[in-house]
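Read through the structure below, which is laid out as structure tokens, and then see the notes.
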Amino acid sequence: MPALAVVGNLSRDLVDGGPPRIGGAPFWAARALRVLGAPALVAAKCGDRREMTVEALGDQWTPEDARQVEARWIHVGALSRSDFPPETLAAFGGRVSFDGQGLVRPERTGPLELDSEFDPEVLRHVDVLKLAEDEARVLVGEPDEESLRSLGVPEIVVTLGSRGSLVLANGKLGRVTAQPVTGKVDPTGAGDAFSAAYLVSRAGGHAPAAAARRATGLVAGLLGGRLS
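Take a look at the structure:
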């Protein structure tokens with residue numbers, strides 16, 4: 602059984618008027634895993650076109666899909682609330698890391714507008730919650746220790762872009778600084794790469810804050826073109 606699995610839907614991304622390209626958590630996490638040289642299971646479904654204006658929702662993952670994924674840590678790269686219902690998360694056999702997009706992106710097409718109307722049952726099956734700053738603010742307002750603890754997830758990581766990340770673990774909130782990246786960068790997929798690197802470190806025995814520092818370093822290397 603591998604230490605880590607990443608599951609989610611692929612997407613077809615259009616960024617800044619460029620040509621269509623592949624995206625989604627499995628793709629970007631796999632890129633990070635290759636750089637790390639970390640063996641892992643990557644399972645993906647390939648749905649329809651999806652951008653910041655959502656024209657079609659991806660396939661929903663079922664409990665039967667989940668039972669086919671065997672790993673000690675499983676990162677669930679949700680793109681919307683419809684991707685992974687609570688019963689599917691409950692069927693995973695390992696420790697579950699969940700992408701906050703699956704909480705704040707509603708299951709509807711049209712212009713993407715985040716909201717906090719998620720099913721709280723989802724978080725009962727989540728061991729690690731990864732949130733971007735805007736997702737955290739939609740869910741709890743200011744992402745301080747008290748508000749993040751209110752979500753009831755034992756381990757939460759909030760990525761802050763160039764300002765690093767916040768890590769809530771063992772009931773305490775800590776700050777991890779980021780390494781500076783110069784020049785023009787495309788941050789697409791940075792959060793997925795961070796999640797993969799974070800879980801590789803956690804599965805390897807690193808504490809949450811140390812795992813976040815290692816993940817931050819990998820993302821800085823990818824964005825700065827030092828890793829490929």
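The sequence shown maps to residues 602 to 829 in the numbering used here. In this text, a Cβ means the ideal position worked out from N, Cα and C, and glycines have one as well. It should be emphasised that the depicted structure is a prediction, and the values quoted were computed from it without experimental measurement.
Same chain only: Cβ atoms within 6 Å of Val727, ignoring 5 sequence neighbours per side: Val697, Phe699 and Val754
Assign His726 to one of three DSSP states: helix, strand, or coil. helix
Between the CA atoms of Val741 and Gly659 - distance to the nearest angstrom: 26 Å
Outcome for Arg771 when other beta-carbon atoms lying within 10 angstroms are tallied against a minimum of 16: For the sequence presented, residue 771 should be read as Asn rather than Arg. When all chains shown are included, Asn771 counts as exposed.
Under 7 Å between the Cβ atoms of Ala810 and Val768? yes
Classify Gly695 as buried or exposed, calling it buried when 16 or more other Cβ atoms lie within 10 Å of its own Cβ. buried
In whole angstroms, what separates the C-alpha of Val705 from that of Glu714? 8 Å
With a threshold of 7 Å on Cβ separation, who are the neighbours of Thr834 within its own chain once the five nearest residues in sequence on each side are excluded? Any question about residue 834 goes unanswered here, given that the chain covers just 602 to 829.
Taking 6 Å as the limit between beta carbons, can you name the residues of its chain near Val614, skipping five residues before and five after? The amino acid occupying residue 614 in the given sequence is Asp; Val does not appear at that position. The residues are Arg622 and Gly624.
Please look up how many angstroms separate the CB atoms of Ala639 and Val801, rounded, as I've assumed it's under 8 Å. 5 Å
Start-end ranges of the beta strand (DSSP E) lying completely within the stretch 700–770, minimum 3 residues: 729–733, 756–760 and 766–770
Counterpart residues of Gly624 in DSSP-defined beta bridges: Ser612
Whole-angstrom C-beta distance between Phe693 and Ala667, which should lie under 8 Å: 5 Å
What residue from Ala733, Ala657, Arg725 and Val820 has the CA that sits closest to Arg709's CA? Ala657
Hey, Leu732 and Trp674: beta-carbon distance below 7 Å or not? no
Short of 7 Å in beta carbon distance, which residues of its chain neighbour Ala812, apart from the five on each side in sequence? Order them along the chain. Tyr799, Ser802 and Arg803
Assuming contact is defined by CB atoms lying nearer than 7 Å, are Arg766 and Val777 in contact in what I supplied? Before going further, note that residue 766 is Ser rather than Arg in the sequence given. In this structure, Val777 lies closer than 7 Å to Ser766 by Cβ.
Counting along the chain, where does the beta strand (DSSP E) carrying Arg776 start and finish? Lys773 to Val777
Given a threshold of 16 other Cβ atoms within 10 Å of its Cβ, counted over all protein chains shown, does Asp649 qualify as buried or as exposed? With a pLDDT of only 38 at Asp649, under the threshold of 50, the placement of this residue in the model should not be trusted; the figure read from the coordinates follows. Exposed: under 16 other Cβ atoms inside 10 Å.
For Ser748, I'd like the list of residues in its chain whose CB is within less than 8 Å of its CB, leaving aside the five on either flank, ordered along the chain. Val741 and Gly742
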